[in-house]
Every structure is written in structure tokens, then in C-alpha cells.
Amino acid sequence: MGEGVESEASAREFRIYRDALQQGSSEEIRVDAAVGLLLQNDKQGRDALLLALQSEANSQARQAVCKALIKSRGLSQTIDSLEVFREPLLGILQGESIEQAELAAEAMLVFDYPVVSSPLDQIIQNKDISRQARMNAVYALQLRTEPAALRGLIKLLDDPDAEVAKAAETALQEAFGIPVGTSRTVWSGILDELGLKSPEDIRRERLLRQEMKLRQVQAERDRWQKLYLSALDKQYESLDEPSRGRVILDKMESDLDPVRIWALDRASKYPVIGEGLRGKLFSLLSDSSRDVRLQAAKVLMNMSALNPAAVLLERLQLEEDAEVKLAMLEALGEACFFAFSPGSEIKLPEDIKLKTFDMAAGYLRSESAEDCIKGAEIIRKILELNNLSDGSMQSYLGLLNDRYRKSVSQDDGLRAELLAILAHLCGQGGAKDSACSLFGPLFVDAMVVGNDPALRLAAVQGLSYVDKVRAFELFKQNNLLQDPSPAVQQVVIDLAGQTGDTIDLEWLLVLLNGNGHSDRVWLSIKSICQRQEVGFLLDWLPELEDIGAAKGEYIREILDIAEQKAAGEKDQELLSRVREQTIFWLAQRKAWEQAMAYLSGISYSLSENLYSDRADFEAFIIHLYGGAAEKAAEYTKSKLKVSDIGQDSPLAVAINGYFSEKDIEDASKRGFFGEISSIPKDDRPNWSAFVGNLDKQLNVHAAQELSVSEGGGGE
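Residue 486 in our numbering sits at position 334 of the sequence shown, and the numbers go up by one each step.
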């Protein structure tokens, strides 16, 4: 009973193979059927194969048997009774179909050369058969690596039939890379070398030569392709926009893959895609070229306004290439995100979004890190739209949570990338609150993983979104202020600016001195200062001076903050105190132009008596060196009203210092002298003497200059 069942199964298998060989819908099916019959290793299988080989009416079945015999050379199973195929193959070799003859020649490689050498020689020497049949036999010799076969080709160089001789010479050139026209002496030397080599050595050398030739052909092809595309670029750039659109559409119809890819690249940058171009762009998603389909998907990734979602979904379900499929899914995810975003005019059926979700979830579960991340990114984008039911949102958040937990045991960077996506969901979008609640504990755990800076970065970013105040406390507790990762440090620094207090200014000041974060550190310091009282800011300024930060105008910025706050509080006394500090600082730096602008900006007036004596004196210095002689003289006059001014008074010392400055123009000095000399000197003997001395100094200096000038002129 068992043998009968087995026999019936074998017979059924035979019929399936036989029918598939004769009537299979594709070459792959027919070849697989022929291989199946070969592997049966029985007479009825061989008979079916022989019938196909001998059938001139069914060329597809005949070619399938040849290809199966070619494949059999790489099979681990031994094929019995191969010799029965020799005569049918020799018959095909003598036929008129070059394609079938070449397949038969390759199939005959299953035989050792002595088995076919004599029949091949007979075909070549037979002058009564067609020239093509003889040349087919030459091709069969060309495929052989045995020295005897190559020796036969060399003999054919002297064949009376010039076409056969030429075919032999071309075959040798293909086999050895030796130019056509090589002398017989060279060939004789080659034959001697071949006698010392095995067929395997000869085969290996021929493969190397063919590989080199292939590289040369590819390099030449690439060169011409580059030249053509460069010329196409130049032509395209010279056209107006409508003409460019027509060129893009025309080149999308090209039968050359690189040209269609070129057209896709130009379409991605074209300002307005019309309906015709849109339709053609969509059609390239089903192009026969895998590279064209891939490029079309990548282009549509950034063209969601064309509403490609339905076409992408349809093609995605049919696509077999993994990379192209993933690119289509990315474009589909982007198209859904665009269509379902607020304000979008595109209306998509809800089921397209749900199918996209399901496909992305499949990729999310993948063991491939790249596929997993792509799936997670698509889910993230659509979750952020806030147009899912609460149940669906929780379901997909749960999927992300589960996949992240699984990634903890993987060591390929996936964990960090997934956590970054979870952090992103906590930062914005409709799923923010639920994401913060679900993922918060994950960030706390990952924050302290010492050997993965990317993971810690994602963790601190996520915690910053969940609860800034608590996050900052956790960062300080776990000493992330000193994290070896600059990126992690940056998050901590930024968060300090958002939630920190005066106690945090101390460590921020330490970081301010050149750790690569100075600008961001300073922004955080300013943010903290914005939240403090004016009195604190003024008392804290010496701390800033102690670290040498004054050179960067940091102090001026804090003074500006303090002034704005004091002005907002409408506290004139406090405002005057702040402005005095600014006046002192500007005078100390001798930033006269900047200081003059500041005094003008605050409408400084000596007569209002808003400032201390020291502030008024520093304002006098600013006016003096800033070229405001009249205002400087006004201060001098106010002092003279109170008392006489002697040579050793601070005011006289300051004026003497001014007149001693060599960098100040004489015209400015004389202008100021004119102002102060006109002040009444009644009952002010010390001042009168002081002004007289200044006058003498100016006259002496003028005389010296005149003498130098005249002396120079005399020469």
C-alpha cells in the first residue's frame, strides 16, 4: 500500500514537472521544472527532457532544458545518464538559432572534452553544412578551458573560410585578451604554456580577464553616461520653465534607466507639477527598473502635495524589492501626515491611514534596526496629528513601548534611536500627555547608562519634555552637569536656563570660561538673571567680573537686564542706581562712543540731580573724551559755583590728563579750552591760575608745531 501511494505521488510530480516544462507561464517556472525532472534521475524524466530538446516547435521548453543542464553543474546531486543529451545538443548546435546554439554549447560543458571533441571537430570540418553551424561549434570550443580545445581554435586561424577563421581569432582574443592579428609564433608560445596548466588554472585566468574587461566596459559606459547627462544638464539650464517641464516629461519616457532617474531628480526641483507630469511620476513607481522605482519613491517623499498616498499604497503591496518597498512606505507615511494635517485640502480615506499604520507596525517589529526605525518614525508622525481615537493612540504607543523594551537587549544603536523617537512624541503633538506618562520611567532608567551617550541624550531630552523642574533636579542628582557627552551637557545647560535659580549661577560661571558651550551657557545665565530681583543682579556683578567675563560685554548685558526690570518697576531710585553702574562700567572701559550713546539714550542731565557725585564726575569724563565740550564745561561751571578748583583737585587732574593725551586732536582741546576759559573767574584765583597755565601750555605747543612746520618747509 505504501509503495503504491509513493508511486502515485511520484507520477503526479512527474506530470506537474512535464506540463510546467511544456506550458509554464514564465522562464523561471520552466527552468525549475526541467531541473526537477533532471533530479528525478529516471528514464521517464529524461525522456520528457529529450522530447523538449528535440522539439523545434517549443523553443522555450528547449531553452529551459539547456539552462537546467547548465545549472546542473552546480548541483550537489549527481545526474545519471547525461550522455543521452549529447546528440540532441549537437543537433541544436547545428541549427540556425544562434541563441539556442549558444545555450546548447554552454549545456555541453557538462561533458568532459573528449566526449564532445570529435563531434565538434566533425562539425567544424564539414564544408557541406552552413557557415553559422560551423561558427556555433567555434563558440563551443571557445567555452572550453582544456588545452586541446584551445589548440583546435588556433588551427582554425588558417581555415579557408575567412569568416570561420575570424570567428576563431575573435574567440581566442576573448579567451586570452590577446589582440586580433597576433602572430602564429605568439600562439605557439601560448600553447606551450597551456600544456603546463590544468583546465582549472586556465578557467581561473579566463575569469580574471573577463572580470577586467567587464570593469573596462563599465568604466567606459559610465564615462559616456556622465558626458551625456552633463550635456543634458546644460541644455536643461538654458530653457525657460515651461520648456523644462516638457523636457522632464519627455525624458521620463526614455528607455535608459539613468535618463529616467535624471528626469526624476529634475522633477523633484520643478516648481509646479502639472497633471501630466504628476501622472507620469506616479507611473514610474511601477517601472521595470528597480533603481527608477526607488528614485520615484524618494522623490514623492518630498511631494506629498501631489496626493500620492493611494498610488503608493497600491504599489507598495505589489513591490518585492525590500529597499524600494521601504522607500515607498516612507513616502506613504509622509503623504498621510500631510493629508491629515490641519489645514490640508487633501482628503484621504481613513482606511489608508490605518493600513499605513499597520504596515509601519510590521516594520517596527522587524529585527532589522533600519526597518524598525523607519516604522517607528512613520508611527510617530501620524500619532502627532491628534486625530486618532484614544484607544488607537494608546495601542500604538504601547507598540512603541514594547519594541523599545525589546531593544534594550540589542547592541546595534537601535535602543537609542527608538528612545529619541519616544522623546520626540513627549515634546509635541496630540499624543504628548499620554507619551509623557508612559515613557517617563524609560527616560529615568536610560539616563544613567554610562556606555551609550546617544541613549543618555535621548533620555535627558525626553525627561526635559516630561517635567522640566523634576528633570533638572534629576540631572543634578546624577551629576549630568559633568557628563562626558557635550550634547548631554548642552541639554542640562539649556534646562538650567529654563528652570534654574541663583544657586545654579555658580557652576554655570565655571562653565562659561571656554568649555565649548560659552554661548549657550551665557544664554542660560541671562535667562536665570531675567527671573531675579534688580538688587541681586547688582550685587552679583562682581562675581562676573572675577572670572574675566567683562571683556565679552557680559556685564553690560546684565546691566541692561537690570535697567529694563527697574524701569518696569517704575522705581526711580533703583533705576538711577543701575544706570550709575552702567556709567561707571563704560567709563572704566573708555568706550567713549558707546558711553556717549548711552548718556544720550537715558537723556542724562546734570541739572536733574538724579545721580551721585561720582556718577556725574564719570559722565563729565565721558563728555570730555567723547567730544561734548559744552556738556563737559557745564559740569565744570557747576563745580565752580560751589567752590574754587585748585591744581590738585580731581577735576583739575582729569582736565590736565585730557590735555596731556597725544591722541586727542588739538582742535578738540582748543574747543574745550574755549568753553572753560569763558567761565567767569571772579573770586576763583586757583581756577584762574589753572586756566592760565593751560593757556601757556597750548601756546607753547602751538609754537613748537609752527617751528617744526617752518623748519620742514625751509628744507
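Backbone N, C-alpha and C define an ideal beta-carbon position, used for all residues, glycine too.
This structure is a prediction, so every number in the text was calculated from the model and none was measured.
Buried or exposed (CB count within 10 angstroms, at least 16 for buried), residue i
i	result
LEU470	exposed
ASN761	exposed
LEU776	buried
GLY397	buried
PRO494	exposed
ALA491	buried
TYR763	buried
GLU393	exposed
ARG373	exposed
ASP656	buried
GLN641	buried
VAL424	exposed
TRP839	buried
GLN447	buried
ASP597	exposed
SER379	The residue you asked about is not Ser; residue 379 is Leu in the sequence shown. Its Cβ having fewer than 16 others within 10 Å, LEU379 is exposed.
ARG557	exposed
ALA572	buried
GLY550	exposed
Reference residue i; option with closest CA among the options
i	options	result
LYS783	ILE797, SER755, SER764 and ASP796	SER755
ASP171	LEU693, ARG182 and LEU751	ARG182
LEU465	GLU321, PHE434 and ALA457	PHE434
GLU502	GLY844, ALA462 and GLU472	ALA462
ALA383	VAL411, ASP635, GLU363 and GLN206	VAL411
GLN192	ARG532, ILE275, SER233 and ASN539	SER233
ARG283	ILE713, ALA320, LEU633 and PHE166	ALA320
ASN808	LEU792, LYS793, SER795 and ASN845	ASN845
LEU401	LYS378, GLY431 and TRP376	GLY431
ALA719	ALA448, LEU324, ASP439 and VAL686	VAL686
ARG356	ASP310, LEU309, ARG296 and GLU389	ARG296
LEU540	LYS505, GLY753 and GLN229	LYS505
SER812	SER177, LEU850 and SER456	LEU850
ILE225	SER456, PHE263, GLY247 and PRO694	The amino acid at residue 225 is misidentified as Ile; the sequence shows Arg. ARG225 has its Cα closest to that of PHE263, out of SER456, PHE263, GLY247 and PRO694.
LYS742	ASP723, PHE772 and LEU661	PHE772
LEU458	GLY426, VAL476, LEU436 and GLU472	GLY426
ALA785	ARG367, ILE530, ASP635 and PHE824	PHE824
Beta-carbon gap between residue i and residue j smaller than 8 Å
i	j	result
CYS488	LEU500	yes
ALA610	ALA568	yes
TYR548	ALA575	no
VAL399	LEU408	no
GLY485	THR508	yes
GLY798	ALA806	no
GLU715	LEU727	yes
ALA474	VAL451	no
GLN843	SER829	A small fix is needed here, since residue 843 is Val in this sequence, not Gln. It is a contact, given that the beta carbons lie within the stated cut-off.
GLU326	GLN294	yes
LYS219	LEU255	yes
GLY565	PHE591	no
SER559	LEU570	yes
ARG467	SER441	no
LEU552	TYR515	no
GLU625	LEU661	no
VAL644	LEU633	yes
Close-in-space but distant-in-sequence residues of the same chain around residue i (CB under 8 Å, 5 per side omitted)
i	result
ARG766	GLU732 and PHE736
GLN746	LEU738
ALA204	LEU173, GLN174, ALA186, ASN210, ALA213, ARG214, ALA216 and VAL217
LYS678	GLY649, GLU709, ILE710 and ILE713
PHE166	LEU189, GLN192, GLN196, GLY197 and ALA200
ALA317	LEU308, LEU309, ASP310 and ASP311
Nonlocal neighbours in the same chain, by C-beta distance under 6 Å from residue i, ignoring five residues either side
i	result
LYS789	ILE831
GLY652	ILE680
ILE276	ARG286 and ALA289
LYS403	VAL411 and ALA415
LEU242	PRO271
Sequence-distant residues of its chain with Cβ nearer than 7 Å to residue i (five each side left out)
i	result
GLN252	SER211, ARG214, GLN215 and ILE244
GLU160	none
LYS791	ILE797 and LEU803
LYS533	GLY485 and PHE489
CB contact below 8 Å: residue i versus chain C
i	result
ASP815	Protein chain content of the structure displayed is limited to a single chain, and chain C is not contained in it.
At a cut of 8 Å, does the stretch 576 to 583 reach the stretch 596 to 608 through at least three beta carbon pairs? Fewer than three Cβ pairs drawn from the stretch 576 to 583 and the stretch 596 to 608 lie within less than 8 Å of each other, which leaves the two stretches out of contact.
Decide if the stretch 187 to 207 is in contact with the stretch 234 to 241; the criterion is three or more beta carbon pairs, one per stretch, under 8 Å apart. Contact between the stretch 187 to 207 and the stretch 234 to 241 is present, because at least three Cβ pairs lie under 8 Å.
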